[in-house]
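Going from the sequence shown to mature numbering (1 follows the signal peptide of the UniProt record, and there is no 0) is simple: count from 1 and add 5.
Idealized CB from N, CA, C, for every residue including glycine.
The model shown is predicted, which means the values in this text are computed figures rather than measured ones.
Taking it in order: structure first as structure tokens, then the write-up.
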Amino acid sequence: YTITVDPHAEGAAIGDTMYGVFFEDINRAADGGLYAELVQNRSFEYSTADNGSYTPLTSWTAGGTAEVRNDSGRLNERNRAYLSLAAGSSVTNAGYNTGIRVEQGKRYDFSVWARAESGSTLTVTLKDAAGSLANVRRAAVRGDWARYEATFTAARTSNRGRLSVASSGAAALDMVSLFPRDTYKGQPNGLRKDLAEKIAALKPGFVRFPGGCLVNTGSMEGYSEDSGWQRKRAYQWKDTVGPVEERATNANFWGYNQSYGLGYYEYFRFAEDVGAMPLPVVPALVTGCGQNRATDDEELLERHIQDTLDLIEFANGPANSTWGKVRAEMGHRKPFGLTHLGVGNEENLPREFFARFERFRAAIEAEYPDITVVSNSGPDDTGTTFDTLWQLNRDGDVDMVDEHYYNNPQWFLQNNDRYDSYDRGGPKVFLGEYASQGNAWKNGLAEAAFMTGLERNADIVELASYAPLLANEDYVQWSPDMIWFNNHASWGSANYEVQKLFMTNTGDRVVPSEASGTPDASGPISGAVGLSTWATSAAYDDVRVTAADGAPLLGDDFSGDASQWTHSGGGSWSVQDGQYVQTDEAAENTLVTAGDPAWQDYDLQVRATKKSGK
Ligand code: AHR
6 YTITVDPHAE GAAIGDTMYG VFFEDINRAA DGGLYAELVQ NRSFEYSTAD
56 NGSYTPLTSW TAGGTAEVRN DSGRLNERNR AYLSLAAGSS VTNAGYNTGI
106 RVEQGKRYDF SVWARAESGS TLTVTLKDAA GSLANVRRAA VRGDWARYEA
156 TFTAARTSNR GRLSVASSGA AALDMVSLFP RDTYKGQPNG LRKDLAEKIA
206 ALKPGFVRFP GGCLVNTGSM EGYSEDSGWQ RKRAYQWKDT VGPVEERATN
256 ANFWGYNQSY GLGYYEYFRF AEDVGAMPLP VVPALVTGCG QNRATDDEEL
306 LERHIQDTLD LIEFANGPAN STWGKVRAEM GHRKPFGLTH LGVGNEENLP
356 REFFARFERF RAAIEAEYPD ITVVSNSGPD DTGTTFDTLW QLNRDGDVDM
406 VDEHYYNNPQ WFLQNNDRYD SYDRGGPKVF LGEYASQGNA WKNGLAEAAF
456 MTGLERNADI VELASYAPLL ANEDYVQWSP DMIWFNNHAS WGSANYEVQK
506 LFMTNTGDRV VPSEASGTPD ASGPISGAVG LSTWATSAAY DDVRVTAADG
556 APLLGDDFSG DASQWTHSGG GSWSVQDGQY VQTDEAAENT LVTAGDPAWQ
606 DYDLQVRATK KSGK
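Shown next, in the form of structure tokens:
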């Protein structure tokens, strides 16, 4: 092939914000992840409503009599559960993953809210199985709820630390916290340094937050006594600002408890700290992600529209405005400079969504005409919902549309030209979520190839972010992910390296080029696929699935059991010599799946012979 480049021709300008990151609290990306808090379930709000395996004492071990209560003795109306410790009793927290991680010589700030009408001495210890990790700290507690603090300096490094609080007298405890002093940019209530630094190293142009499905699922209502003290509601930004002890926890859509310690203020501050444009997404009152319903409650809709206007004031308003004051009191007098805001996520009910989107947009434009209000195009790259939403967005003169897709690597190779034919007169594209369903090298390569197509079309594709961003390896709901971590280490995937390559080397302008031909992107069916699913077709003979290095699918990691595999669309398959083999070569369009989800972590390959003439 010949590629012809005219260095003098002027192509589209590529904006500084072209590549960004999408943060969602999935895979424990916030608590036990980016949010640096080391104590799990610090305010005793975990419940079986969040996750069937939870109790209010999850991650805690009690010595003596320790009972979680939810009564009028609580710390405040939003932080409803608290721990009641009998005299001479204690509780010990196990943190996340293998435990609490401390590093030799580093400082850790302990704090607790405590109440002890008759007085008590709290003894706080940090240790692991090998013994003490820091000097013991004591605090004399007397009277009503008050906050007590102490600082530890770690004598040793450990990934298995345990934090214990023992009380000499009867006492109530809440918000038991241990925070590394060394957070990203030294911010209070801050972020875990290694993770934040890995994200910062991408030099993101924007940070989209807080989700995803997290945004537009669950109840759109606010706090309600009627629905019990553990409520599952959509992500509502006002729940997440102000003093941390007054932020209620919530049942996270992805199946666990979220503390909101990492809330809207911290998201804005993080975006600023990494030099990125903040891009929050609010619910459009049409729930998605499998919960398809649109609210007809006019009052509720109005309240959410007002909340969105208040959010803009929180971000951009002067320090003497109602919500600008809340921001200033949290420590940031200067506005955050919000310019873009998403309404809705992966909406499945196009007309219902668009009607409500227009209400949000009209209200925002009336007060803040400079804000770009981002719409969306449903959960897929194609289909009726996608087409209908795009048409509505075009007809409605929407500025920017959020697209999402998760496809196999081959799709990314085959769709490099996706945006070449997009209507230049229509809305701009925000590719808010995409990934090629794997963390193997070839996934990164397919994404890199695809990103050249994004960049070539930078006049229409203005923003793009890989998804999801983070995953704690012991709490995974969604894979692949860009950055992986546990309680003491973090590592970027091959996909991360690709993102970093593009994000830290973004050009100013496209240099138009032409190729004399295009490689055949219909293959390869051969080669490592690193996925649990493959499509085959009658164009191939002798289709076999093995480990990436050709090793048999046997032994500790792989089973020779054919029941571990499924196929659809016809064809016969069997396990032979540790390979999953298609025995009916006439079969057309067979979908093959490795049944055990754990196999998604392995690099597998499909080898086949292409029939001549096809
Ligand atoms: O990125 C994970 C999920 O994928 C997001 O929450 C949702 O928007 C999409 O379906």
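Measure how close the beta-carbons of residue i and residue j come, nearest whole angstrom, since I'm counting them as under 8 Å.
| i | j | result |
| --- | --- | --- |
| Leu62 | Val73 | 6 Å |
| Ser470 | Ala476 | Going by Cβ atoms, the distance from Ser470 to Ala476 rounds to 16 Å, so no, they are not a contact pair. |
| Val117 | Tyr153 | 5 Å |
| Lys111 | Pro185 | 7 Å |
| Glu408 | Leu436 | 5 Å |
| Glu250 | Asn46 | In fact, because the Cβ distance is near 14 Å, the residues do not count as touching under 8 Å. |
| Glu29 | Leu219 | 6 Å |
| Thr313 | Phe365 | 6 Å |
| Asn492 | Asn102 | 4 Å |
| Thr188 | Ala17 | Rounded, the Cβ-Cβ distance is 39 Å, inconsistent with contact. |
| Gly293 | Gln482 | That pair is no contact at about 17 Å. |
Around the C-beta of residue i, are 16 or more other C-beta atoms found within 10 angstroms, so that it is buried, or is it exposed?
| i | result |
| --- | --- |
| Tyr6 | exposed |
| Trp496 | exposed |
| His309 | buried |
| Pro209 | buried |
| Ala239 | buried |
| Val516 | exposed |
| Glu230 | Legend: pLDDT at Glu230 = 42, less than 50; position of this residue unreliable, no value from coordinates given. |
| Ser537 | A caution first: Ser537 carries a pLDDT of 46, below 50, which makes its placement in the model unreliable, though a value can still be read off. The residue in question, Ser537, is buried, as its Cβ has 16 or more Cβ neighbours within 10 Å. |
| residue 623 | Outside the modelled stretch of the chain, which goes from 6 to 619, sits residue 623, for which no answer is possible. |
| Val349 | The amino acid at residue 349 is misidentified as Val; the sequence shows Gly. Counting Cβ neighbours within 10 Å, Gly349 comes out buried, since at least 16 surround it. |
| Ala151 | exposed |
| Asn257 | buried |
| Val10 | exposed |
| Gly560 | For Gly560, the predicted model reports a pLDDT of 43, less than 50, meaning its position is unreliable and no value from the coordinates is stated. |
| Asp36 | buried |
| Arg514 | exposed |
| Arg356 | exposed |
| Gln311 | exposed |
| Tyr24 | buried |
| Ser577 | exposed |
| residue 1 | Here the chain has residues from 6 to 619 only, and residue 1 is not among them. |
Grab me the residues of residue i's own chain with a C-beta within less than 6 Å of its C-beta, minus the 5 sequence neighbours each way, in chain order.
| i | result |
| --- | --- |
| Gly528 | Caution is warranted here: a pLDDT of 44 is assigned to Gly528, below 50, making its placement in the model unreliable, and the coordinate value is therefore given only provisionally. If we look at Gly528 and ignore the five residues flanking it on each side, it has no Cβ neighbours. |
| Gly512 | Ile19 |
| Leu316 | Trp242 |
| Trp65 | Val96, Asn98 |
| Val403 | Ser380, Pro432 |
| Arg79 | Arg85, Tyr87 |
| Trp395 | Ser382 |
| Ser125 | Val146, Ser172, Ser173, Gly174, Ala176 |
| Tyr410 | Asp386, Tyr439 |
What does DSSP give as the partner residue(s) for residue i in the beta ladder?
| i | result |
| --- | --- |
| Met282 | Phe211 |
| Thr126 | Ala145 |
| Asp114 | Thr156, Phe184 |
| Ala253 | Ala253 pairs with nothing; no bridge assigned. |
| Asn477 | Phe490 |
| Ser224 | Arg238 |
| Trp496 | Trp489 |
| Asp589 | Its beta-bridge partners do not exist; DSSP assigns none. |
| Ile105 | Gly166 |
| Asn381 | Asp407 |
With a threshold of 7 Å on Cβ separation, who are the neighbours of residue i within its own chain once the five nearest residues in sequence on each side are excluded?
| i | result |
| --- | --- |
| Ala499 | Asn444, Ala445, Trp446, Asn448, Gly449 |
| residue 4 | Since the displayed the chain opens at 6 and closes at 619, residue 4 lies outside it and no answer follows. |
| Val44 | Asn98, Gly100, Leu168, Val181, Ser182, Leu183 |
| Leu39 | Leu196, Arg197, Leu200, Ala201, Leu267, Leu475 |
Leaving out five residues before and five after residue i in sequence, what residues of the same chain have Cβ atoms less than 8 Å from its Cβ?
| i | result |
| --- | --- |
| Ala453 | Val503, Leu506, Phe507 |
| Gly69 | Leu90, Ala91, Gly93, Ser94, Ser95 |
| Gly329 | Glu318, Phe319, Asn321, Gly322, Pro323, Pro340 |
| Leu305 | Met225, Glu226, Leu290 |
| His13 | none |
| Leu474 | Val26, Phe27, Phe28, Glu29, Ala34, Ile204, Asp486, Met487, Ile488 |
| Ile8 | Ser518, Glu519, Ala520, Ser521 |
| Asp375 | Thr344 |
Closer than 7 Å to a non-hydrogen atom of ligand 3 - does that hold for the CB of residue i?
| i | result |
| --- | --- |
| Pro384 | The ligand content of the structure shown is limited to ligand 1, which means ligand 3 is not among them. |
* Uninterrupted beta strand (DSSP E) stretches inside the region 22-91 (no shorter than 3 residues) -> Listed in chain order, the complete beta strand (DSSP E) runs (minimum 3 residues) inside the region 22-91 are 65-68, 71-74, 87-90.
* To do: Jot down the residue ranges of each uninterrupted alpha helix (DSSP H) in the region 383-409, minimum 4 residues, whole runs only, in chain order.
  => Runs of the alpha helix (DSSP H) lying entirely within the region 383-409, each at least 4 residues long, are 389-400 in chain order.
* Contiguous beta strand (DSSP E) assignments of at least 3 residues, all confined to the region 166-211 -> Segments of the beta strand (DSSP E) lying fully in the region 166-211: 176-185.
* Taking only runs of the beta strand (DSSP E) that begin and end inside the region 292-357, which ones reach a length of at least 3 residues, in chain order? -> Along the length of the region 292-357, whole beta strand (DSSP E) runs at least 3 residues long occupy 345-348, reported in chain order.
* Residue ranges of each beta strand (DSSP E) run of no fewer than 3 residues wholly in the region 417-443, ordered along the chain? -> Positions of the beta strand (DSSP E) runs, each at least 3 residues long and wholly inside the region 417-443, are given as 433-440 in order along the chain.
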